[in-house]
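Structure, as structure tokens:
Protein chains: 2
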Amino acid sequence: MLGFTLQETDPSGGRAGVITVRGHSLLTPAFMPVATQATVKALTQPELARLGAPILLGNAYHLYLRPGIGLIRRVGGLAAFMGWNGATLTDSGGYQVFSLAPLIEVSEEGVSFRSHIDGSEHLLTPESAIEIQHAIGADIIMAFDQPVGYPAGRAEAAEATARSDRWAERCLEAHRAGGRAGDELLPSVFGIVQGGFEKDLRAESAARLSRLAFDGYAIGGLSVGEPKEETFDLLAFTAPLLPEERPRYLMGVGTPADIVRAVLHGVDMFDCVLPTRLGRNGSAYTRSGKINLKNARYQDDLSPLDPECDCEVCATHTRAYLRHLYKAGEILAARSLTYHNTHLYLRLMEDIRKAILAGRYREFAEGFLEQRDDNG
Amino acid sequence: MLGFTLQETDPSGGRAGVITVRGHSLLTPAFMPVATQATVKALTQPELARLGAPILLGNAYHLYLRPGIGLIRRVGGLAAFMGWNGATLTDSGGYQVFSLAPLIEVSEEGVSFRSHIDGSEHLLTPESAIEIQHAIGADIIMAFDQPVGYPAGRAEAAEATARSDRWAERCLEAHRAGGRAGDELLPSVFGIVQGGFEKDLRAESAARLSRLAFDGYAIGGLSVGEPKEETFDLLAFTAPLLPEERPRYLMGVGTPADIVRAVLHGVDMFDCVLPTRLGRNGSAYTRSGKINLKNARYQDDLSPLDPECDCEVCATHTRAYLRHLYKAGEILAARSLTYHNTHLYLRLMEDIRKAILAGRYREFAEGFLEQRDDNG
């Protein structure tokens, strides 16, 4: 079972805590690098350990389709499969099945779909999504839900949210049935609040899920294309409706600035593909905003990616060299930018935690947001 | 200037020595990982240092076209540009201009061609190839030659070889003109023996170049598509014609087995894209031959790439995991396989050297070649 100790709640709303799960201790607020297919794209597991990643996020939809859960179970679970000594979390695949798979059919039972890899037919239900995640063996698993896109009609949002909440209950039952009494190896399970962009639906979903004994609560369906102010308006509305004593996980968010803002609303956990995806696309976050090495202005720029950064890449390479690697299609460009971006995210989480523990998080957040350009 | 001390010549013909160049000491026989575009594909410079790479090989043709020699000169040369503390060598671009560039026109003056990147027009001459390499600033540079393909007519081979030898003389003159008397920063320069697949042409080329005061001698134009036995027949014929007291560099060769065989003919230096290229294509060398992870037999194989290997990848990952990464198109597959392959090549060179110094190289080579399958 998942332990969560709130060490400090800052006057700003920021929370610092410790999650303990199956022998792992995770300091919060935590950022979870995304290892969709059992690898954080372009990084090694020893690098992630060196960077201080507390937990990696795999994806049940992807891993179920490839390499398949049989192999992962046989080697002792996702962490063993990857050679990773830290904690792991799997997303249930709810989001992926709706965004990636062709020929989806949704019923009360679950979602039938075709694989985006080979077209094979599959059915995911709340029960099978939990069973798959038990086989993959992450420390924290997620309920199987039907996300709501943006924009969405109210009726559609209401239907998907009510169904997600019913599925959440089935997930919890399947989760308990999958474990044995007193089974310490049973992972922890989080519910996911949906509700689209309707506050009353968000409130209903939060209330329904709060009555169920999830180990933590995620806020899903944000940062799916809506204007940023709407994201934060809904986050500010939804977060306080969740049980205070359980971790709050804002799924798929976001830029460094998004994370700094979301912490003000008491969010404890984050994941996002931005540091890795942008890294592969030639972009780097710096302490003063985002730079894109595709821009010709960096052609002769002999300064490091981020003059304020102490990572190995910034200690070794110039923007001009990294731009050359990117233009030449070299893997070292993706490696270097991903490493730097992930370092920056993980250092940011440390700084956020320190500021909360020191009771000066609002000052930190305001200072941070002021010095950024509007690139995030 | 380049120093070369022959420490031991084994009864088999294998030579162990030390090259000293601009403050670097390189133990021979040496393998030079290929950093065509100022990066060894998929590896970092700190990894290459950790793996014990003594020297990296860049390519003047590629670097001249992108990022351009102005930038590299401004930062202090190739090693500084890459953030590499070891030695560097550049190939002149002779081979690349003939194999990559469209619309080539060869005259006694040099080669006019269009860039394979943007179609722009350029002229490379022996003089400009040396000037470009001086600007790139590697520790060892190569003469500009016109390679002969396989198969080639005798007249064509004779013409290209005679021209290459005349160009070699012009290269040496341009090299001296580019330096100042007593200039310790002047790089060392190697001549390249051509001659196609005609022994008398090889003998003429070796004799002509040996009369010129090159710091070392390369054997070019082998391993360009000819049967393996022809490669080694010509190598066995050509190598003894080169000055004994200067290093011998067999360009672009080869598999681990090729290297073990070539050392028997007194070769001191090697470069090859195989460990990196095969790594990106899902193949790994092992102590008993080559394996290709595309093969379905590795799907559930929980053994390391090479059970006899002590590299980080073999200590951490299974073939099943690496195959999954390769199938999923993940960068970590290329990284891991390239790292392992490069580790294997560099350990092999250490083993070769030890065997020569112990006077038991023939035994080593025979044992090595016996236990390999015919995959190299």
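These protein sequence lines are chains A and B, in that order. Quick note on our numbering: the first sequence kicks off at -2 and runs consecutively. Quick note on our numbering: the second sequence kicks off at -2 and runs consecutively. Ideal Cβ positions, reconstructed from N, Cα and C, are used throughout, including at glycine. In this text the structure is predicted, and so the values were computed from the model without any measurement.
DSSP three-state assignment for Leu366/A, whether helix, strand or coil
If you number the first sequence from 1, residue 366/A lands on position 369. Correct three-state label for Leu366/A: helix.
Excluding the five sequence neighbours on either side, which residues of its own chain have a C-beta within less than 7 Å of the C-beta of Gly10/A, listed in chain order?
Looking up residue 10/A in the first sequence gives position 13. If we look at Gly10/A and ignore the five residues flanking it on each side, its Cβ neighbours are Leu261, His262 and Gly263.
Assign Asp307/A to one of two classes, buried (16 or more other C-beta atoms within 10 Å of its C-beta) or exposed (fewer than that).
Counting from 1 along the first sequence, the entry for residue 307/A is found at position 310. Exposed, since its Cβ has fewer than 16 Cβ neighbours within 10 Å.
Closest by CA to Gly249/A, which one among Gly217/A, Ser185/A and Glu226/A?
Residue numbering aside, residue 249/A sits at position 252 when the first sequence is read from its first letter. It is Gly217/A whose Cα lies nearest to the Cα of Gly249/A.
Is Arg163/A buried or exposed, if buried means 16 or more other CB atoms sit within 10 Å of its CB?
Taking the first sequence and counting its residues from 1, one reaches residue 163/A at position 166. Arg163/A is exposed by the Cβ-count criterion.
Using a Cβ-Cβ cut-off of 8 Å (strictly less than) and excluding sequence neighbours within five positions of Leu329/B, which residues of its own chain qualify?
Taking the first residue of the second sequence as position 1, residue 329/B is located at position 332. Excluding positions up to five away in sequence, the list reads Leu322.
Of the residues Ala46/A, Val190/A, Ala331/A and Leu62/A, which one's Cα is nearest the Cα of Thr33/A?
Counting from 1 along the first sequence, the entry for residue 33/A is found at position 36. It is Leu62/A whose Cα lies nearest to the Cα of Thr33/A.
Under 7 Å between the Cβ atoms of Ile256/A and Val186/A?
Position 259 of the first sequence holds residue 256/A. Position 189 of the first sequence holds residue 186/A. Taking 7 Å as the Cβ cut-off, Ile256/A and Val186/A do not qualify as a contacting pair.
Beta carbon of Arg111/A nearer than 7 Å to that of Glu102/A:
One-based indexing of the first sequence puts residue 111/A at position 114. One-based indexing of the first sequence puts residue 102/A at position 105. Their beta carbons are not under 7 Å apart, which means Arg111/A does not touch Glu102/A by this criterion.
For chain A, check one thing: does any of its Cβ atoms lie closer than 7 Å to the Cβ of Asp297/B?
Indexing the second sequence from 1 puts residue 297/B at position 300. Output row for Asp297/B: interface = yes.
Quick check on the burial criterion: 16 or more other C-beta atoms within 10 angstroms. Buried or exposed for Arg12/B?
Your numbering for residue 12/B matches position 15 in the second sequence. With 16 or more other Cβ atoms within 10 Å, it is buried.
With a 10 Å radius around its C-beta and 16 neighbouring C-beta atoms as the bar for buried, classify Asp88/A as buried or exposed.
To locate residue 88/A, count along the first sequence from 1; it is residue 91. So Asp88/A counts as buried.
For the alpha helix (DSSP H) that Lys351/A lies in, which residues bound it at each end?
Against the first sequence, residue 351/A aligns to sequence position 354. Ile328 to Leu354 is the extent of the alpha helix (DSSP H) around Lys351/A.
On a Cα-Cα basis, can you pick out the residue from Gly213/A, Ala140/A and Ala293/A that is closest to Asn56/A?
The residue you call residue 56/A lines up with position 59 of the first sequence. Among Gly213/A, Ala140/A and Ala293/A, the Cα nearest to that of Asn56/A is on Ala140/A.
Locate the beta strand (DSSP E) running through Leu53/A, then write down its first and last residues.
Within the first sequence, numbered from 1, the residue matching residue 53/A stands at position 56. First-last of the beta strand (DSSP E) with Leu53/A: Ile52 to Asn56.
If Phe203/A and Thr235/A are in contact, beta carbons under 8 Å, what's the gap, nearest whole angstrom?
Sequence index remark: in the first sequence, residue 203/A carries index 206 (1-based). Sequence index remark: in the first sequence, residue 235/A carries index 238 (1-based). Before going further, note that residue 203/A is Ala rather than Phe in the sequence given. The pair is a contact, with the Cβ atoms about 6 Å apart (cut-off 8 Å).
Kindly indicate which residue of Gly90/B, Pro244/B, Glu106/B and Ile189/B has the alpha-carbon position closest to the one of Leu(-1)/B.
Your numbering for residue -1/B matches position 2 in the second sequence. Comparing Cα positions, the closest option is Pro244/B.
Smallest Cα separation from Ser333/A: which of Ala325/A, Arg344/A, Ile349/A and Leu302/A?
Along the first sequence, read from residue 1 onward, the residue named residue 333/A stands at position 336. The residue with the shortest Cα to Cα distance from Ser333/A is Leu302/A.
Determine whether the beta carbon atoms of Tyr374/A and Phe28/A lie at a separation below 7 Å.
Shown here, chain A extends from -2 to 373; a query on residue 374/A therefore has no answer.
Within-7 Å CB hit, Leu68/B to chain A
Here residue 68/B corresponds to residue number 71 of the second sequence, with the count starting at 1. Interface residue, yes.
Give me, in chain order, the residues of the same chain whose beta-carbon lies closer than 6 Å to that of Arg19/A; leave out the 5 immediate sequence neighbours on both sides.
Residue mapping note: residue 19/A aligns to position 22 of the first sequence, counting from 1. Taken in chain order, the residues that qualify are Asp136.
Could you name the residues that DSSP lists as bridge partners for Phe110/B?
Residue numbering aside, residue 110/B sits at position 113 when the second sequence is read from its first letter. Bridge partners of Phe110/B: His119/B.
Looking at the C-beta of Lys38/A, does it have a partner C-beta in chain B at a distance below 7 Å?
As a working note, residue 38/A is residue 41 in the first sequence. It does: the Cβ of Lys38/A has a partner Cβ on chain B nearer than 7 Å.
Closest by C-alpha distance to Ala331/A, when choosing among Leu23/A, Thr6/A, Val37/A and Gln4/A
Numbered from its first residue, the first sequence carries residue 331/A at position 334. Of Leu23/A, Thr6/A, Val37/A and Gln4/A, the residue nearest in Cα terms is Val37/A.
Can you give me, in chain order, the residues of the region 69 to 100 of chain A that have a beta carbon less than 8 Å from any beta carbon in chain B?
Arg71, Val72, Phe78, Met79 and Gly80
Going by Cα to Cα distance, which pick from Pro253/A, Leu231/A and Tyr214/A is closest to Pro240/A?
Within the first sequence, residue 240/A is the residue found at index 243, counting from 1. Nearest C-alpha to Pro240/A: Tyr214/A.
Please look up how many angstroms separate the CB atoms of Leu231/A and Leu247/A, rounded, as I've assumed it's under 8 Å.
On the first sequence, position 234 is the one that residue 231/A refers to. On the first sequence, position 250 is the one that residue 247/A refers to. With a Cβ gap of about 11 Å, Leu231/A and Leu247/A do not count as contacting.
Starting from Glu327/B, find everything on chain A with Cβ-Cβ shorter than 8 Å and list it in chain order.
Indexing the second sequence from 1 puts residue 327/B at position 330. Near Glu327/B (Cβ distances below 8 Å), the residues of chain A are Gln34, Thr36 and Lys38.
CB of Arg19/B to nearest heavy atom of the ligand HEM: below 6 Å?
Because no ligand of any kind appears in the structure shown, any question about the ligand HEM cannot be addressed here.
In angstroms with no decimal places, state the Cα-to-Cα distance between Gly107/A and Thr158/A.
In the first sequence, residue 107/A corresponds to position 110, counting from 1. In the first sequence, residue 158/A corresponds to position 161, counting from 1. Using only the alpha carbons, I get a separation of about 14 Å.
C-beta atoms of Leu209/A and Leu169/A nearer than 7 Å:
In the first sequence, the residue the question calls residue 209/A occupies position 212. In the first sequence, the residue the question calls residue 169/A occupies position 172. Yes, the pair counts as a contact, with Cβ atoms nearer than the cut-off.
Hey, quick one: how far does the alpha helix (DSSP H) through His314/A stretch, first residue to last?
For this step, residue 314/A is matched to residue 317 along the first sequence. Here His314/A belongs to no alpha helix (DSSP H), and DSSP marks it neither H nor E.
List in chain order: all unbroken alpha helix (DSSP H) runs of 4+ residues lying wholly within the region 125 to 196 of chain B.
151 to 175
Counting only C-beta atoms, is Tyr61/A closer than 7 Å to chain B at any point?
Counting from one through the first sequence, the residue named residue 61/A turns up at place 64. No, Tyr61/A does not count as interfacial toward chain B.
Check whether the Cβ atoms of Tyr147/A and Glu226/A sit closer than 7 Å, and answer yes or no.
As a first step, residue 147/A must be located in the first sequence, where it is residue number 150. As a first step, residue 226/A must be located in the first sequence, where it is residue number 229. Not closer than 7 Å, so no.
Suppose the cutoff is 6 Å on Cβ atoms and the five residues either side in sequence are ignored; what does the same chain contact list for Ile353/B look like?
Mapped onto the second sequence, residue 353/B falls at position 356. For Ile353/B, where only same-chain residues beyond five positions count, the Cβ hits under 6 Å are Glu5, Asp7, Gly11 and Ala13.
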